[in-house]
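Asks: Take 592 as the starting number for the sequence shown in the numbering used here and just add one per residue.
First the structure, then my questions, so here it is.
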Amino acid sequence: MILSYLAGLGASLGLIIAIGAQNAYVLRQGIKREWILPVVLVCAASDAVLIFSGVAGIGAAVQSAPMLLQVVRWVGVAFLVTYGFFAAKRALRPGSLRAAEGRGNGTMWAAVATVLALTWLNPHVYLDTLVLLGSLANAQGDGRWAFGFGAVTASALWFPLLGYGARSLSGFFARPAAWRFLDGFVAVLMASLAAMLAFGG
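Put into structure tokens, the structure is as follows:
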């Protein structure tokens with residue numbers, strides 16, 4: 592059981608510690624010190640639901656419904672393009688950028704809605720959690736739930752570390768030029784992810 596738990600922990604960390612739309616948003620919220628706790632909780636809870644669903648065998652059902660993944664795919668493309676557009680707009684208008692000096696004007700519900708969209712409108716999250724982690728978990732036999740708990744633990748550790756650890760960068764991001772760089776990077780990232788979703792199948 593311990594080996595299955597550690598296998599789940601390692602496999603999940605390998606998948607989530609990567610630069611993606613969700614991680615970029617958590618990082619940005621952490622630097623802004625804006626609604627970090629609800630954003631982190633949504634990310635960890637979403638991963639837990641998806642991972643345990645995969646362990647329970649729902650991944651097989653997702654694989655048998657390619658049309659559903661196509662719908663999620665194109666809605667995700669539209670969302671990423673829109674989010675990237677606004678990031679580019681912030682980067683091109685440095686006068687609208689703020690240093691990380693406490694909570695801004697964004698509401699908690701807007702932050703939660705954004706991270707929910709970045710999480711649940713990404714078809715790869717279903718392939719990574721429901722299908723891949725679900726398959727790996729079920730290959731563990733009686734240890735599949737231990738594997739699942741290990742994978743969930745990885746998310747529970749990673750997102751708070753990313754969100755609250757970003758505060759250490761607040762000094763660097765006290766300069767508007769740093770925000771311009773971050774938003775420019777996010778815009779390019781979102782456009783790249785949208786292109787990968789649209790043309791990568």
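Think of the CB as a built atom: it goes at the ideal place given N, C-alpha and C, for glycine as much as any other residue.
#1: Short of 8 Å in beta carbon distance, which residues of its chain neighbour threonine 705, apart from the five on each side in sequence? Order them along the chain.
#2: Answer with buried or exposed for asparagine 620, where buried requires no fewer than 16 other C-beta atoms within 10 angstroms of its C-beta.
#3: Within 10 Å of its beta-carbon, does proline 714 have 16 or more other beta-carbons around it, so buried, or fewer, so exposed?
#4: In chain order, what are the residue ranges of uninterrupted alpha helix (DSSP H) at least 4 long that sit wholly in the region 731 to 787?
#5: Would you give the residue range spanned by the alpha helix (DSSP H) that glycine 645 belongs to?
#6: How would you call methionine 699, buried or exposed, if buried means at least 16 neighbouring beta carbons within 10 angstroms?
#7: Whole angstroms are fine: how far does the CA of serine 595 sit from the CA of leucine 618?
#8: I need the straight-line Cα distance from glycine 732 to alanine 635, nearest angstrom please.
#9: Determine the DSSP secondary structure at arginine 624, reduced to helix, strand or coil.
#10: CB leucine 606 to CB tryptophan 749, shorter than 8 Å?
#11: Below 7 Å CB to CB, which residues in the same chain sit around alanine 769 once its five sequence neighbours on both sides are set aside?
#12: According to the neighbour-count rule (16 or more other Cβ atoms, all chains shown, within 10 Å of its Cβ), is lysine 623 buried or exposed?
Replies: This is what the structure gives:
#1: Tyr616, Tyr674
#2: It should be noted that the sequence gives glutamine, not asparagine, for residue 620. Label assigned to glutamine 620: buried.
#3: buried
#4: 735 to 756
#5: 627 to 646
#6: exposed
#7: 30 Å
#8: 25 Å
#9: coil
#10: no
#11: Phe763
#12: buried
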